[in-house]
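K.L.:
The structure under discussion is supplied below as structure tokens; questions concerning it will follow.
In my numbering, the protein residues as written are 34 to 522.
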């Protein structure tokens, strides 16, 4: 009779590890063979799995068993499963044996990146530097490897941002958002951008988060005076108004005018206060601290000047505070007709500087024209002086000369007068044929020959006959010699 002296034997024929996490239910992950050498009930074996795992064991023919998936696997919940296969026989007492199976689960890109927050809020002060860090977003992907590697970029446009270019950029690896330009609270107070996070799986999975950026105000705008309106030519931040007429019968508290100003900033930076800093009669007027109303502080008296000038300062409450000034002119008169002379005087006074400026401009142009003409005249005189006397006169020497002809009798005064005269000498004539033309050139004599010659006398027609020379042609060119002498009268 057989005794139950042999425990079942477990043999692992195959093990599929790792198993993809998207494996369907019923996927075979291991094949086992279990046998017991005993006979009868001592050799009858049953198998079961011990441990919590989404697996089950199924018996097949010939003592074989299959380990299959009983439910969907999820690597993100359990990357591996450890189970124990227990085999028992039916002997008395029953014997058992066991074998451990380790099943790894491989990753599948079945998870999209998840942001830490579905919506982010960031606060940036205006006038920031371009490239300043705005916010850092972060998304996590439960997958492994490339399936869990997350990159970031902007999805679509930006809502509420001024301009076509996105106001921020995002770094792909870190998820940091940087300002692309300086923000201006007065132009754009808030905007929203969508940031997309995508993993590196195939196919890739992504998710989107909204980032809303709020621009914080800074006190970068001075108050702007709406009334009195700024006059043409006034400096920025200043305002001037026409006259306001206040009757001399006005009592204390009479409303003269109201200074109206606005500030483009927000919060405390836009809170305005008014102060009267200059007045012809400081005790006559006051201005409301927050209303800007200019009122009489006391009753108007006959001793008060007819024309009053008030300067009010408008300040905001920013740090540092910015301000603007408003100038108000007041005429103390019972009616507009009575105030017209004062208005005419002010208009004439305003036109006087313009007329004076016109006069100075005309005077300056006249002086410039005179200087130009004088410069031209001096330049012409200098050029003539460098040119020297004419060429005809230069042949007679550098000394100035005068010619006294017979037709102009001299009228000398008593005394000694130096003078110069011309001595003309006829060049020796040559016998030329009558048809010879042009005549031969005049011989050129040196200065010594001219100065050492005889008196300048034009030969008579008969002088040639006496000397045996042909008479000189009266039309022949004359050669002049210069001589100098002194005459005493």
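Just so it is clear, CB atoms sit at the ideal spot from N, CA and C, and this is done for glycine as well.
Which stretch, first to last residue, makes up the beta strand (DSSP E) that contains residue 89?
P.N.:
Locating residue 89 in the chain shown gives position 56, counting from the first residue. Note, residue 89: beta strand (DSSP E), 88-92.
K.L.:
Report the rounded CA-to-CA distance for residue 57 versus residue 198, giving the unit in angstroms.
P.N.:
For the purposes of this step, residue 57 is taken as residue 24 along the chain shown, with counting starting at 1. For the purposes of this step, residue 198 is taken as residue 165 along the chain shown, with counting starting at 1. Using only the alpha carbons, I get a separation of about 48 Å.
K.L.:
Along the beta strand (DSSP E) that carries residue 106, what are the first and last residues, could you check?
P.N.:
The residue labelled residue 106 in the question sits at position 73 within the chain shown. Neither: residue 106 is in no beta strand (DSSP E) and is coded neither H nor E.
K.L.:
Could you check where the beta strand (DSSP E) with residue 231 kicks off and where it finishes?
P.N.:
Start at 1 with the first residue of the chain shown, and residue 231 comes out as number 198. Residues 223-232.
K.L.:
Compare the Cα-Cα distances from residue 55 to each of 105, 64, 345 and 116 and report the closest residue.
P.N.:
Within the chain shown, numbered from 1, the residue matching residue 55 stands at position 22. Looking at the Cα atoms, 105 is the closest of the given residues.
K.L.:
Taking the beta strand (DSSP E) that residue 133 belongs to, which residues open and close that run?
P.N.:
Here residue 133 corresponds to residue number 100 of the chain shown, with the count starting at 1. Residues 129-139.
K.L.:
Are the segment 296-311 and the segment 346-356 touching, with three or more C-beta to C-beta distances below 8 Å?
P.N.:
yes
K.L.:
For residue 183, which of helix, strand or coil comes out of DSSP?
P.N.:
The sequence position of residue 183 within the chain shown is 150, counting from 1. Three-state result, residue 183: strand.
K.L.:
Can you give me the start and stop residues for the beta strand (DSSP E) that residue 260 sits inside?
P.N.:
Position 227 of the chain shown holds residue 260. 257-260 is the span of the beta strand (DSSP E), which, as asked, contains residue 260.
K.L.:
Let me check understanding here. Comparing Cα to Cα, which of 99, 325, 247 and 316 lies closest to residue 528?
P.N.:
The chain is shown from 34 up to 522; residue 528 falls before or after that span and cannot be answered.
K.L.:
Starting from residue 122, follow its DSSP beta bridges and name the residues at the other end.
P.N.:
By 1-based counting over the chain shown, the position of residue 122 is 89. According to DSSP, which records beta bridges pairwise, residue 122 is partnered with 78.
K.L.:
Which value, in whole angstroms, describes the spacing of the CA atoms of residue 218 and residue 162?
P.N.:
The count along the chain shown starts at 1 and reaches residue 218 at position 185. The count along the chain shown starts at 1 and reaches residue 162 at position 129. Distance between the alpha carbons of residue 218 and residue 162 is about 14 Å.
K.L.:
Assuming residue 261 contacts residue 361 under a Cβ cut-off of 8 Å, what Cβ separation, rounded to an integer in Å, is found between them?
P.N.:
Your numbering for residue 261 matches position 228 in the chain shown. Your numbering for residue 361 matches position 328 in the chain shown. The pair is a contact, with the Cβ atoms about 6 Å apart (cut-off 8 Å).
K.L.:
Residue 244 to residue 200, Cα distance in whole Å?
P.N.:
Translated into the one-based positions of the chain shown, residue 244 becomes position 211. Translated into the one-based positions of the chain shown, residue 200 becomes position 167. Going from the Cα of residue 244 to the Cα of residue 200 covers about 12 Å.
K.L.:
Under the three-state reduction of DSSP, which class applies to residue 406: helix, strand or coil?
P.N.:
Here residue 406 refers to the residue found at position 373 of the chain shown. Helix, per DSSP.
K.L.:
Less than 8 Å between the CB atoms is what I'm expecting for residue 209 and residue 169, so what's the real figure, rounded?
P.N.:
To locate residue 209, count along the chain shown from 1; it is residue 176. To locate residue 169, count along the chain shown from 1; it is residue 136. Right, the Cβ-Cβ distance comes to about 5 Å (below 8 Å), so this counts as a contact.
K.L.:
Hey, how far is the Cα of residue 64 from the Cα of residue 232?
P.N.:
Within the chain shown, numbered from 1, the residue matching residue 64 stands at position 31. Within the chain shown, numbered from 1, the residue matching residue 232 stands at position 199. If you take the alpha carbons of residue 64 and residue 232, they lie about 36 Å apart.
K.L.:
Could you check whether the segment 166-181 touches the segment 131-142, counting it as contact only if at least three pairs of C-beta atoms, one from each stretch, sit closer than 8 Å?
P.N.:
yes
K.L.:
In the DSSP output, which residue or residues are listed as bridge partners for residue 56?
P.N.:
On the chain shown, position 23 is the one that residue 56 refers to. Partner(s): none; residue 56 has no beta bridge.
K.L.:
Kindly provide the ranges of any beta strand (DSSP E) runs that are 3 or more residues long and lie completely inside the segment 320-378, ordered along the chain.
P.N.:
326-329, 340-349 and 356-365
K.L.:
What is the C-beta distance between residue 246 and residue 223, in whole angstroms, given that I count them as a contact (C-beta under 8 Å)?
P.N.:
Within the chain shown, residue 246 is the residue found at index 213, counting from 1. Within the chain shown, residue 223 is the residue found at index 190, counting from 1. Residue 246 to residue 223, Cβ: 6 Å. Contact.
K.L.:
Is the distance from the Cβ of residue 523 to the Cβ of residue 135 below 9 Å?
P.N.:
Lying outside 34 to 522, the shown extent of the chain, residue 523 is not represented and no answer is given.
K.L.:
Between which two residues does the beta strand (DSSP E) holding residue 26 run?
P.N.:
Given that the chain is displayed from residue 34 to residue 522, the structure contains no residue 26 and the question cannot be resolved.
K.L.:
Take the Cβ of residue 305 as the centre, count every other Cβ of all protein chains shown within 10 Å, and call the residue buried at 16 or more, exposed below.
P.N.:
Taking the first residue of the chain shown as position 1, residue 305 is located at position 272. Buried, by the Cβ-count rule.
K.L.:
Starting from residue 161, trace the beta strand (DSSP E) both ways and give me its first and last residue.
P.N.:
As a position in the chain shown, residue 161 is number 128, starting the count at 1. Going by DSSP, residue 161 is part of no beta strand (DSSP E) at all; its letter is neither H nor E.
K.L.:
Taking C-beta to C-beta, are residue 172 and residue 240 nearer than 9 Å?
P.N.:
Your numbering for residue 172 matches position 139 in the chain shown. Your numbering for residue 240 matches position 207 in the chain shown. Taking 9 Å as the Cβ cut-off, residue 172 and residue 240 qualify as a contacting pair.
K.L.:
Starting from residue 166, trace the beta strand (DSSP E) in both directions and tell me its first and last residue.
P.N.:
To locate residue 166, count along the chain shown from 1; it is residue 133. For residue 166, the uninterrupted beta strand (DSSP E) run begins and ends at 166-169, by DSSP.
K.L.:
Output the boundary residues of the beta strand (DSSP E) element that contains residue 245.
P.N.:
Walking along the chain shown from the start, residue 245 turns up at place 212. Counting along the chain, the beta strand (DSSP E) containing residue 245 begins and ends at 239-249.
K.L.:
Measure the CB-CB distance between residue 98 and residue 66 and report whether it falls below 9 Å.
P.N.:
Counted from its first residue, the chain shown places residue 98 at position 65. Counted from its first residue, the chain shown places residue 66 at position 33. Yes. Within cutoff.
K.L.:
Among all the DSSP beta bridges, which residues are the ones paired with residue 46?
P.N.:
Counted from its first residue, the chain shown places residue 46 at position 13. Partner(s): none; residue 46 has no beta bridge.
K.L.:
Is the Cβ-Cβ distance between residue 216 and residue 160 less than 9 Å?
P.N.:
Position 183 of the chain shown, counted from the first residue, corresponds to residue 216. Position 127 of the chain shown, counted from the first residue, corresponds to residue 160. Result yes, Cβ atoms of residue 216 and residue 160 sit closer than 9 Å.
K.L.:
Report the three-state DSSP secondary structure of residue 66 (helix, strand or coil).
P.N.:
Residue numbering aside, residue 66 sits at position 33 when the chain shown is read from its first letter. Residue 66: strand per DSSP, three-state reduction.
K.L.:
Given a cut-off of 9 Å on the beta-carbon distance, is the pair residue 363 and residue 292 in contact?
P.N.:
For the purposes of this step, residue 363 is taken as residue 330 along the chain shown, with counting starting at 1. For the purposes of this step, residue 292 is taken as residue 259 along the chain shown, with counting starting at 1. It is not a contact, given that the beta carbons lie outside the stated cut-off.
K.L.:
Straight-line CA distance for residue 311 to residue 396?
P.N.:
Within the chain shown, numbered from 1, the residue matching residue 311 stands at position 278. Within the chain shown, numbered from 1, the residue matching residue 396 stands at position 363. Taking the straight line joining both Cα atoms gives about 38 Å.
K.L.:
Following the continuous beta strand (DSSP E) through residue 203, name the residue where it begins and the one where it ends.
P.N.:
For the purposes of this step, residue 203 is taken as the residue at position 170 of the chain shown. 201-203 is the span of the beta strand (DSSP E), which, as asked, contains residue 203.
K.L.:
Taking buried to mean at least 16 other C-beta atoms within 10 Å of its own C-beta, is residue 357 buried or exposed?
P.N.:
Here residue 357 refers to the residue found at position 324 when the chain shown is read from its first residue. The residue in question, residue 357, is buried, as its Cβ has 16 or more Cβ neighbours within 10 Å.
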